[in-house]
Amino acid sequence: MNFDLTPEQDQLRDAVRELGRRYGHSYFVSKARAGEHTTELWHEAGRLGYLGVNIPTEYGGGGGGITDLAIVCEELAAAGCPLLLLVVSPAIAATVINKHGTEEQRKKHLPGLADGSQKIVFAITEPDAGSNFHRLATVARRDGDDWLLSGRKIYISGVDEAGHVLVVARTEDSSTGKLKPALFLVPTDAPGLEKSKLDMEILSPENQFLLFLDDVRLPADALVGESLDAGLPALFAGLNPERITVAAMGAGTGRYAIEKASDYTSTRTVWAGRSIGSHQGVSHPLAHAAVQVELARLMIHKAATLYDAGRDLEAGISGNMAKYAAGEAAALAVDTAVQALGGAGMTTEYGVATLLGAVRAGRIAPVSREMILNFVAQHVLGQDKSY
Ligand SMILES: Cc1cc2nc3c(=O)[nH]c(=O)nc-3n(C[C@H](O)[C@H](O)[C@H](O)COP(=O)(O)OP(=O)(O)OC[C@H]3O[C@@H](n4cnc5c(N)ncnc54)[C@H](O)[C@@H]3O)c2cc1C
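For the sequence shown, my numbering gives the first residue as 127, with consecutive numbering after it.
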């Protein structure tokens, strides 16, 4: 078992950390408060090649794997810049297009995703389906060579920043009548596609939207892949990269919070010349959170390594466990850090409570902790499904 990153990955980690620190959490918060996006950071990361680390070199990427992208996600979050669109655009969309798109789609979309000039967001969640994707009601119908898409999607991140939305729709399987998923690359300015921004209690420069698709007309080549048979594998292709990178973002956020708190508690003195960190009532919860974050990082590393080795089934189990562990650890770390900072923890200046909403959401999205526990209960423990 090897716990070392390659020298190139070590360099990537150091370079992304340096970039993240140059922007920092106050930049992230000021953009969120102004209703703006982290455009400068995104473009600089793209120019430096960090957004395309997992995209093949022939399409302008770095030719690495999800381990590399997880490093980018974790280090930016550890610098106070947890960018959810890294999970959506380079992790999900680029993987789906690279693995299951047509050669035309790869040539058209991957270079822009790699250099950061384009973003593709991902829309699967629906108001009446939620965690139950078998109930997806967004329907794709044939109209000559074209497709017509109708339905509703909810909580879709980053639609206002993206050129395309990768929409998961259903077509009817003529033989079984059951759901047959199909993925479509829908331009965000397509006639019939309307978006409405949701008010979320998350301080973030990235927004969530309700999407309405009313007979959105798409050409035949908007369908991801050569045929409808590409739909199911394409949908599954995005899951492991999503779980692993969102977990990395959570672990980075946890590291950020613990570092902030440790800096504070080692210097803050309110009793007879001793730092508050000398009191175990303060230091043990922080140490406990640090252990949880490090355990999550181990599982992220395992999942990413398995995924990059092509061991998808094992990566599915580890990726889900990593996402669960990191989601819990990040929420614990931020809450513990707020407590350790006392009143300062609730100020904007100290930059910790600003992450409460984001880490809380990390226990719900992109897959909830309960659905991961269901997955583990069924696939690892062999339990029957209750739903
Ligand atoms: C900040 C944010 C960003 C998001 N971005 C995107 C995006 O870009 N694209 C996208 O498609 N979606 C996105 N989502 C949606 C997210 O993936 C869903 O919120 C999530 O999958 C849960 O679905 P739901 O909200 O409908 O909850 P529901 O399915 O209604 O579930 C509600 C609660 O019930 C629990 N529950 C449901 N079924 C079971 C069961 N069988 N057993 C045990 N517990 C159960 C759930 O765990 C949850 O706690 C985002 C959500 C958030 C909060």
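Ideal Cβ positions, reconstructed from N, Cα and C, are used throughout, including at glycine. Values in this document were obtained by computation on a predicted structure and should not be read as measured data.
Give a yes or no on whether the C-beta atoms belonging to residue i and residue j are separated by under 7 Å.
i: M425; j: C199; result: no
i: G488; j: G453; result: yes
i: G332; j: L195; result: Here residue 332 turns out to be Glu, not Gly, going by the sequence shown. In this structure, L195 does not lie closer than 7 Å to E332 by Cβ.
i: F310; j: K321; result: no
i: D434; j: T193; result: yes
i: S111; j: V265; result: Since the first residue shown for the chain is 127 and the last is 513, residue 111 is missing from the structure and cannot be characterised.
i: G378; j: A204; result: yes
i: A503; j: A383; result: no
i: K234; j: S215; result: no
i: V91; j: Y176; result: A query on residue 91 cannot be resolved here, the shown segment of the chain reaching from 127 to 513 and no further.
i: E327; j: G483; result: yes
i: I250; j: V294; result: yes
i: K449; j: A373; result: yes
i: G191; j: G178; result: no
i: A463; j: V478; result: yes
i: G186; j: P253; result: no
i: T391; j: G380; result: no
i: E422; j: A387; result: First, the amino acid is wrong: residue 422 is Ala here, not Glu. In this structure, A387 does not lie closer than 7 Å to A422 by Cβ.
i: A430; j: I370; result: yes
i: T221; j: E352; result: no
i: R296; j: L262; result: yes
i: R308; j: G357; result: Note on identity: in this sequence residue 308 is Ala, with Arg being the wrong assignment. In contact: A308 and G357 (Cβ atoms closer than 7 Å).
i: T474; j: L329; result: no
i: V342; j: A316; result: yes
Examine ligand 3 and report whether any of its heavy atoms sits within less than 6 Å of the Cβ of residue i.
i: E496; result: Only ligand 1 can be found as ligands here, which leaves ligand 3 out of the picture.
Output the distance between the C-alpha atoms of residue i and residue j, rounded to the nearest integer angstrom.
i: K323; j: Q135; result: 37 Å
i: P313; j: H505; result: 37 Å
i: G471; j: D461; result: 9 Å
i: R148; j: L239; result: 23 Å
i: P182; j: I218; result: 15 Å
i: G364; j: G407; result: 42 Å
i: P411; j: D347; result: 54 Å
i: F362; j: A398; result: 58 Å
i: V354; j: D389; result: Contrary to the premise, residue 354 reads as Leu rather than Val in this sequence. If you take the alpha carbons of L354 and D389, they lie about 54 Å apart.
i: S494; j: H169; result: 31 Å
i: V419; j: L349; result: 40 Å
i: L145; j: H151; result: 12 Å
i: F501; j: G436; result: 21 Å
i: G206; j: D241; result: 22 Å
i: K279; j: F338; result: 7 Å
i: D340; j: R268; result: 14 Å
i: R202; j: D272; result: Position check: residue 202 holds Leu in this sequence, whereas Arg was assumed. If you take the alpha carbons of L202 and D272, they lie about 41 Å apart.
First and last residue of the alpha helix (DSSP H) that includes residue i?
i: I223; result: A220 to H226
i: V485; result: L482 to A487
i: S409; result: Q406 to D434
i: K321; result: Unbroken run through K321 is the beta strand (DSSP E), L319 to K323; no alpha helix (DSSP H).
i: D517; result: This structure leaves residue 517 out entirely; the chain is present only between 127 and 513.
i: I192; result: I192 to A204
i: Y149; result: P133 to R159
i: S444; result: D438 to L467
i: N500; result: R495 to H505
i: T106; result: This structure leaves residue 106 out entirely; the chain is present only between 127 and 513.
i: R232; result: E229 to D241
Taking the beta carbon of residue i as the centre, do at least 16 other beta carbons fall within 10 Å, making it buried, or is it exposed?
i: L499; result: exposed
i: K157; result: buried
i: V396; result: exposed
i: K304; result: exposed
i: P208; result: buried
i: E368; result: buried
i: G469; result: exposed
i: F248; result: buried
i: L507; result: exposed
i: G284; result: buried
i: H226; result: buried
i: H260; result: exposed
I need the boundaries of the beta strand (DSSP E) containing residue i, first residue and last residue.
i: T395; result: T395 to W397
i: D269; result: V265 to D269
i: V247; result: I246 to A249
Name the DSSP bridge partner or partners of residue i?
i: E298; result: L305
i: Q334; result: S283
i: P313; result: H290
i: S392; result: In the DSSP output, where bridge partners are listed per residue, S392 has none listed.
i: W273; result: R268 and L344
i: L339; result: G277 and L319
i: R400; result: W397
i: F349; result: Checking the sequence shown, residue 349 turns out to be Leu, not Phe. F310, per the DSSP bridge assignment.
Quick one: does residue i have its CB under 7 Å from some CB of chain D?
i: V342; result: Here there is only one protein chain, and chain D is not present.
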